[in-house]
Amino acid sequence: MKLSSPLIRAVELQKGLNDEARLTISVEPGTITCVIGPDSEGISCWLRIMAGLEFFVDGRLELLGRDWREMDRESWQQSRQKIGYISADSALHSVQNIMDNIITPAYYHKLGTWEHLKEKAQGLLKQAGYTDQASLSLLPAYVAPEKRYLAMLVRALMLEPQVLFFDNLFGKIGVMAKNDVYKLLMERVRQSGMSIVFNTRNLDFVSQYADALLFVCCSKVLKFDDFQQFQNSDDSAVTEYKKQYAMR
2 MKLSSPLIRA VELQKGLNDE ARLTISVEPG TITCVIGPDS EGISCWLRIM AGLEFFVDGR
62 LELLGRDWRE MDRESWQQSR QKIGYISADS ALHSVQNIMD NIITPAYYHK LGTWEHLKEK
122 AQGLLKQAGY TDQASLSLLP AYVAPEKRYL AMLVRALMLE PQVLFFDNLF GKIGVMAKND
182 VYKLLMERVR QSGMSIVFNT RNLDFVSQYA DALLFVCCSK VLKFDDFQQF QNSDDSAVTE
242 YKKQYAMR
């Protein structure tokens with residue numbers, strides 16, 4: 002069942018005292034928000050702020066209907082189950098094998114028995130294109146980076162998040178795995194109402210699937226309601242970005 006209120010609501014957020022940019026956006030259930038632009042460092046910072054993982058100096062941020070500044074430690078920790086965040090710096094526990102890494106958080110949150118969760122994990126791994134069963138019993142250090150990333154994705158999905166943030170979603174996986182991950186995420190968005198927010202340089206994907214766009218450059222954050230609105234923008238930074246993209 003989809004919620005009627007925004008999962009994430011940001012109003013006039015300012016990430017630093019010397020930053021002019023302000024962010025206002027609502028992430029609705031069952032939507033895809035793509036973050037694009039030339040400022041990769043700024044994009045990563047905004048993603049962490051929107052996910053409730055980094056401080057901001059001004060504005061209001063609501064996570065699942067609650068004011069971020071008023072959340073106590075317990076309620077913030079509870080929100081981590083429903084608001085997932087995966088980045089290039091995310092890691093698996095080094096002393097657990099891949100399968101245990103995937104199952105343990107869901108088991109901790111009492112989302113099922115170990116055997117039930119293992120069966121669920123196997124299904125998600127298959128959907129994500131993770132077919133190397135033998136590597137599931139290995140420690141992360143002995144598994145290829147692509148497989149570790151897919152394991153982190155499945156670990157996050159096991160918690161049944163309402164919104165999932167990705168910083169550099171496809172940076173560590175190959176073309177074939179990308180297709181499987183695309184399909185898996187689109188299915189979750191359609192069937193469960195999960196929302197995803199991620200940065201990408203793939204404007205073809207953005208044009209097909211994005212329900213909202215954020216354009217981030219050094220001095221501004223612009224929100225567009227759809228790709229056509231972005232294409233029609235005459236903002237100088239947006240125009241330059243589109244020119245640079247066309248030259249690739």
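Sequence positions in the sequence shown follow the working numbering and run 2 to 249. Ideal Cβ positions, reconstructed from N, Cα and C, are used throughout, including at glycine.
Counting other Cβ atoms within 10 Å of its Cβ, Leu18 stays below 16 and is therefore classed as exposed. The DSSP assignment places 176–193 and 204–210 as complete runs of the alpha helix (DSSP H) inside the region 159–216, in order along the chain (cut-off: 4 residues). Its Cα nearest to that of Tyr246, the residue Gly38 stands out among Thr114, Gly38 and Glu71. Three or more Cβ pairs closer than 8 Å define a contact, and the region 7–25 meets that threshold against the region 61–70. Per DSSP, Arg49 is one residue of the alpha helix (DSSP H) stretching across Ser41 to Met51. Assigned with DSSP and collapsed to three states, Gly38 falls in coil, not helix or strand. If you look at Thr25, you'll find it isn't in any alpha helix (DSSP H); it sits in the beta strand (DSSP E) that goes Leu24 to Val28. Three or more beta-carbon pairs separated by less than 8 Å link the region 96–103 to the region 144–164, which places the two stretches in contact. Along the region 67–102, the beta strand (DSSP E) occurs as fully enclosed runs of 3 or more residues at 84–87, listed in sequence order. Its chain contains Leu140 as the residues whose beta carbon lies nearer than 8 Å to that of Val96, once the 5 sequence neighbours on both sides are disregarded; these appear in chain order. Using a Cβ-Cβ distance cut-off of 8 Å, the region 211–227 and the region 30–46 are in contact, since at least three pairs of beta carbons, one from each stretch, lie closer than that value. When DSSP states are grouped into helix, strand and coil, Gly124 belongs to the helix group. Non-local C-beta neighbours of Ile26 in its own chain, meaning closer than 6 Å and more than five positions away in sequence, comprise Ala11 and Lys224, ordered along the chain. Cβ neighbours of Ala157 within its own chain (closer than 7 Å, five residues either side excluded): Gly85, Ile87 and Leu165.
By alpha-carbon distance to Ser91, the top candidate from Ser196, Met51, Ala122 and Lys173 is Lys173.
With three or more CB-CB distances shorter than 8 Å, the region 182–197 counts as touching the region 122–142. Taking each of Arg70, Ser41 and Lys244 in turn and checking the Cα distance to Leu54, the smallest one comes out for Arg70. Judged by DSSP secondary structure, Glu55 falls outside any beta strand (DSSP E); it is assigned neither H nor E. Residue pairing by DSSP places Cys218 opposite Lys221 in a beta bridge. As DSSP reads the structure, Arg10 sits in a beta bridge with Ser27 and Glu63.
Spanning the alpha carbons of Leu24 and Phe206 requires a straight line of approximately 23 Å. Bridge partners of Ile33 according to DSSP: Ile197.
In the same chain as Ala178, and ignoring 5 residues on each side of it, the C-beta atoms closer than 7 Å to its own belong to Gly130, Glu147 and Leu151, in chain order. Cβ-Cβ distances below 8 Å link Leu118 to Ile104, Ala107, Tyr108, Leu112 and Met159 in the same chain, with the five nearest sequence neighbours on each side left out; the list follows chain order. The straight-line gap separating the alpha-carbon atoms of Phe56 and Ser76 is approximately 17 Å.
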